[in-house]
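Each step along the sequence shown adds one to the number in full-length UniProt numbering, with nothing skipped, and position 99 is 99. All C-beta atoms in this analysis are idealised placements derived from N, C-alpha and C, irrespective of residue type, glycine included. Bear in mind that the values here come from a model prediction, so they are computed numbers and not experimental data. Heads up: the structure comes next, in structure tokens.
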Amino acid sequence: MIKGFHHAQITIPIGKEDEAKKFYCEVLHLQEIEKPDSLKGRGGFWIQVGDKELHIGTEENVDRSKTKAHIAYEVTDLCEMERLLKEVGIKRLESIEIPGYERFEFRDPFGNRVEFIKRN
Numbered sequence: 001m002i003k004g005f006h007h008a009q010i011t012i013p014i015g016k017e018d019e020a021k022k023f024y025c026e027v028l029h030l031q032e033i034e035k036p037d038s039l040k041g042r043g044g045f046w047i048q049v050g051d052k053e054l055h056i057g058t059e060e061n062v063d064r065s066k067t068k069a070h071i072a073y074e075v076t077d078l079c080e081m082e083r084l085l086k087e088v089g090i091k092r093l094e095s096i097e098i099p100g101y102e103r104f105e106f107r108d109p110f111g112n113r114v115e116f117i118k119r120n
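Given below as structure tokens:
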């Protein structure tokens, strides 16, 4: 029986870890956490998102900009998140309204679809 959600994984191109850490850790202010030694050779890195983990793996030949697959971060201030993205040249994409929520989407520097969402 499923008891919860442990982590999600997105991917970036091989060799782009430093660029991804700058975006996810410096721009979005997420904390990198230690990967187990047994997995370090695979590339990528892990970050803490609230009480869950996001694993940022590496793979080639993926057109991330064509997928609807995404991760949604619940935030407390959509305007502040939009400001942080604008500072690094990332544009807000409009989202279809969901009752009870405010939200918007964007593509990270690697093409991954990302959503910021806030309860009304």
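- With distances taken between CA atoms, Leu78 lies nearest to Arg92 out of Ile71, Ala69, Arg92.
- Under the DSSP assignment, Lys66 falls outside any alpha helix (DSSP H); it carries neither an H nor an E label.
- Annotation for Arg83: the continuous alpha helix (DSSP H) segment containing it runs 78-87.
- Annotation for Lys21: no beta strand (DSSP E) segment contains it, though the alpha helix (DSSP H) segment containing it runs 17-21.
- When rounded, the separation of the alpha-carbon atoms in Ser65 and Asp51 is 28 Å.
- Boundaries of the beta strand (DSSP E) harbouring Tyr101: 101-107, taken from the DSSP string.
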